[in-house]
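Numbering (full-length UniProt numbering), first residue to last: 1 to 185. Glycine included, C-beta positions come from ideal geometry on N, C-alpha and C. No experiment lies behind these values; they were computed from the predicted model shown.
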(Lines of atoms letter the chains of each structure in order from A and count residues from 1; the text may use other names and numbers.)
(Lines give C-alpha, C1' and ligand atoms only; values in the text may rest on other atoms or scores of the structure.)
Protein backbone atom coordinates (compact mmCIF):
# COMPACT_ATOMS: atom_id res chain seq x y z
CA UNK A 1 0.00 0.00 0.00
CA UNK A 2 2.78 2.47 0.84
CA UNK A 3 4.58 1.84 -2.42
CA UNK A 4 1.31 2.27 -4.32
CA UNK A 5 0.75 5.70 -2.75
CA UNK A 6 4.29 6.76 -3.57
CA UNK A 7 4.03 5.36 -7.09
CA UNK A 8 0.77 7.28 -7.71
CA UNK A 9 2.52 10.52 -6.77
CA UNK A 10 5.56 9.63 -8.89
CA UNK A 11 3.33 8.86 -11.92
CA UNK A 12 1.58 12.24 -11.67
CA UNK A 13 4.94 14.03 -11.39
CA UNK A 14 6.37 12.12 -14.34
CA UNK A 15 3.29 12.77 -16.53
CA UNK A 16 3.54 16.50 -15.77
CA UNK A 17 7.29 16.45 -16.49
CA UNK A 18 8.24 17.59 -12.99
CA UNK A 19 12.00 17.55 -12.55
CA UNK A 20 12.09 18.93 -9.00
CA UNK A 21 9.53 19.40 -6.22
CA UNK A 22 9.91 20.47 -2.59
CA UNK A 23 7.38 21.37 0.06
CA UNK A 24 8.41 22.23 3.59
CA UNK A 25 10.39 24.79 5.50
CA UNK A 26 12.96 26.86 3.63
CA UNK A 27 16.18 28.04 5.26
CA UNK A 28 19.57 29.07 3.85
CA UNK A 29 20.82 25.50 4.35
CA UNK A 30 17.80 23.99 2.60
CA UNK A 31 18.12 26.45 -0.31
CA UNK A 32 21.83 25.62 -0.67
CA UNK A 33 21.05 21.89 -0.82
CA UNK A 34 18.19 22.43 -3.28
CA UNK A 35 20.48 24.59 -5.42
CA UNK A 36 22.94 21.74 -5.89
CA UNK A 37 20.13 19.36 -6.81
CA UNK A 38 18.57 21.81 -9.26
CA UNK A 39 21.92 22.38 -10.99
CA UNK A 40 22.38 18.63 -11.43
CA UNK A 41 18.78 18.10 -12.63
CA UNK A 42 19.06 20.93 -15.17
CA UNK A 43 22.29 19.44 -16.49
CA UNK A 44 20.62 16.05 -16.98
CA UNK A 45 17.56 17.75 -18.54
CA UNK A 46 19.84 19.35 -21.12
CA UNK A 47 19.12 22.98 -20.23
CA UNK A 48 21.39 25.46 -22.03
CA UNK A 49 23.68 27.70 -19.96
CA UNK A 50 21.61 30.92 -20.25
CA UNK A 51 18.42 29.00 -19.46
CA UNK A 52 20.01 27.39 -16.39
CA UNK A 53 21.11 30.84 -15.19
CA UNK A 54 17.61 32.30 -15.56
CA UNK A 55 15.99 29.29 -13.85
CA UNK A 56 18.47 29.43 -11.00
CA UNK A 57 18.05 33.20 -10.62
CA UNK A 58 14.26 32.86 -10.41
CA UNK A 59 14.57 29.95 -7.96
CA UNK A 60 16.70 32.11 -5.67
CA UNK A 61 14.16 34.95 -5.81
CA UNK A 62 11.24 32.60 -5.10
CA UNK A 63 13.13 31.05 -2.18
CA UNK A 64 13.97 34.46 -0.77
CA UNK A 65 10.30 35.45 -0.97
CA UNK A 66 9.36 32.35 0.99
CA UNK A 67 12.06 32.90 3.61
CA UNK A 68 11.19 36.58 4.03
CA UNK A 69 7.42 36.68 3.67
CA UNK A 70 5.79 33.30 4.36
CA UNK A 71 3.42 33.68 7.29
CA UNK A 72 4.08 30.10 8.47
CA UNK A 73 7.38 30.32 10.29
CA UNK A 74 9.41 28.25 12.71
CA UNK A 75 11.41 31.35 13.64
CA UNK A 76 10.12 34.55 15.28
CA UNK A 77 8.74 37.05 12.74
CA UNK A 78 11.08 39.76 14.02
CA UNK A 79 14.16 37.55 13.49
CA UNK A 80 15.91 38.99 10.44
CA UNK A 81 18.39 36.20 9.71
CA UNK A 82 18.32 32.41 9.62
CA UNK A 83 14.62 32.40 8.75
CA UNK A 84 12.78 29.08 8.46
CA UNK A 85 9.46 29.54 6.70
CA UNK A 86 7.08 27.20 4.87
CA UNK A 87 6.50 27.13 1.16
CA UNK A 88 6.64 24.92 -1.89
CA UNK A 89 8.61 25.03 -5.10
CA UNK A 90 8.48 23.05 -8.34
CA UNK A 91 10.33 22.97 -11.65
CA UNK A 92 8.92 21.19 -14.64
CA UNK A 93 9.09 21.10 -18.41
CA UNK A 94 6.37 21.85 -20.91
CA UNK A 95 7.16 21.68 -24.60
CA UNK A 96 10.51 23.49 -25.04
CA UNK A 97 10.22 25.58 -21.87
CA UNK A 98 10.74 25.17 -18.16
CA UNK A 99 8.21 26.38 -15.62
CA UNK A 100 8.78 27.31 -12.01
CA UNK A 101 5.91 27.27 -9.51
CA UNK A 102 6.11 28.64 -6.01
CA UNK A 103 3.48 28.91 -3.27
CA UNK A 104 3.50 30.09 0.31
CA UNK A 105 1.04 31.43 2.87
CA UNK A 106 0.98 35.20 3.43
CA UNK A 107 -0.92 37.41 5.82
CA UNK A 108 -4.12 38.45 4.01
CA UNK A 109 -3.37 42.11 4.75
CA UNK A 110 -0.34 41.87 2.39
CA UNK A 111 -2.25 40.65 -0.67
CA UNK A 112 -2.95 44.06 -2.23
CA UNK A 113 0.65 45.22 -1.71
CA UNK A 114 1.94 42.11 -3.49
CA UNK A 115 -0.67 42.40 -6.25
CA UNK A 116 0.24 46.08 -6.81
CA UNK A 117 3.85 45.06 -7.49
CA UNK A 118 2.96 42.24 -9.87
CA UNK A 119 0.11 43.62 -11.97
CA UNK A 120 2.15 46.37 -13.68
CA UNK A 121 4.62 43.75 -14.93
CA UNK A 122 1.90 42.25 -17.18
CA UNK A 123 1.75 45.35 -19.36
CA UNK A 124 5.46 46.20 -19.40
CA UNK A 125 7.72 45.38 -22.31
CA UNK A 126 11.02 43.61 -21.67
CA UNK A 127 12.82 46.94 -22.15
CA UNK A 128 10.55 48.57 -19.56
CA UNK A 129 11.19 45.71 -17.13
CA UNK A 130 14.96 46.05 -17.61
CA UNK A 131 14.73 49.81 -17.14
CA UNK A 132 12.64 49.40 -13.97
CA UNK A 133 15.20 46.87 -12.71
CA UNK A 134 18.08 49.32 -13.24
CA UNK A 135 16.10 52.08 -11.54
CA UNK A 136 15.34 49.82 -8.57
CA UNK A 137 19.07 49.12 -8.22
CA UNK A 138 19.71 52.86 -7.85
CA UNK A 139 16.74 53.57 -5.57
CA UNK A 140 16.66 53.01 -1.84
CA UNK A 141 15.19 49.75 -0.57
CA UNK A 142 11.40 50.04 -0.13
CA UNK A 143 10.38 50.30 3.53
CA UNK A 144 8.24 47.15 3.31
CA UNK A 145 10.94 45.07 1.61
CA UNK A 146 13.41 42.76 3.31
CA UNK A 147 15.59 42.74 0.20
CA UNK A 148 16.28 45.33 -2.44
CA UNK A 149 12.77 45.14 -3.93
CA UNK A 150 14.12 43.43 -7.06
CA UNK A 151 12.59 39.96 -6.75
CA UNK A 152 9.56 40.24 -9.03
CA UNK A 153 11.51 42.38 -11.51
CA UNK A 154 14.25 39.74 -11.62
CA UNK A 155 11.73 36.96 -12.26
CA UNK A 156 9.93 39.03 -14.92
CA UNK A 157 13.26 39.83 -16.59
CA UNK A 158 14.25 36.15 -16.66
CA UNK A 159 10.85 34.84 -17.83
CA UNK A 160 9.90 34.34 -21.46
CA UNK A 161 6.23 35.12 -20.74
CA UNK A 162 4.48 37.38 -18.23
CA UNK A 163 4.51 36.05 -14.67
CA UNK A 164 1.28 34.34 -13.62
CA UNK A 165 0.04 34.66 -10.06
CA UNK A 166 -2.97 34.12 -7.87
CA UNK A 167 -4.10 34.44 -4.29
CA UNK A 168 -6.25 31.75 -2.66
CA UNK A 169 -7.92 32.37 0.67
CA UNK A 170 -7.20 29.63 3.23
CA UNK A 171 -10.51 27.96 4.11
CA UNK A 172 -9.49 27.21 7.69
CA UNK A 173 -7.81 30.60 8.40
CA UNK A 174 -9.36 33.85 7.12
CA UNK A 175 -6.20 35.78 8.05
CA UNK A 176 -4.06 33.68 5.69
CA UNK A 177 -3.93 33.67 1.91
CA UNK A 178 -1.80 31.37 -0.23
CA UNK A 179 0.25 33.29 -2.77
CA UNK A 180 1.17 31.33 -5.92
CA UNK A 181 3.46 32.52 -8.70
CA UNK A 182 4.59 30.89 -11.95
CA UNK A 183 7.42 31.79 -14.30
CA UNK A 184 7.95 30.28 -17.76
CA UNK A 185 11.59 30.21 -18.82
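Item	Value
Simplified DSSP assignment, three categories, for residue 88	strand
Any alpha helix (DSSP H) of 4 or more consecutive residues that is wholly inside the region 100 to 149	111 to 118 and 126 to 138
Cβ-heavy atom distance, residue 98 to the ligand PLP, below 7 angstroms	Within the structure as shown, the ligand PLP is missing, as the structure has no ligands at all.
First through last residue of the alpha helix (DSSP H) which encompasses residue 34	28 to 45
Sequence-distant residues of the same chain with beta carbon closer than 6 angstroms to residue 45, five excluded per side	19
Residue 161 - containing alpha helix (DSSP H), residue span	Premise fails: residue 161 is in no alpha helix (DSSP H) and is neither H nor E.
Cutoff 8 angstroms; reference residue 38; Cβ partners in own chain excluding five residues on either side	20, 55, 56, 59 and 91
Member of 35, 83 and 68 whose CA lies at the smallest distance from the CA of residue 110	68
Other residues of its chain near residue 93: CB distance less than 8 angstroms, five sequence neighbours each side excluded	17, 19, 45 and 99
Distance CB(residue 158)-CB(residue 136) smaller than 8 angstroms	no
Bridge-paired residues (DSSP) for residue 93	98
Neighbour-count burial assignment, residue 155, 16 or more Cβ in a 10 Å radius	buried
Burial state of residue 5 (16 or more Cβ within 10 Å)	exposed
Sub-8 angstroms separation of residue 24 and residue 86 beta-carbons	yes
Beta-carbon contacts of residue 70 that lie in its chain and below 8 angstroms, excluding the five residues immediately before and after	26, 85, 86, 87, 104, 105 and 106
With 16 other Cβ atoms within 10 Å as the buried cut-off, status of residue 47	buried
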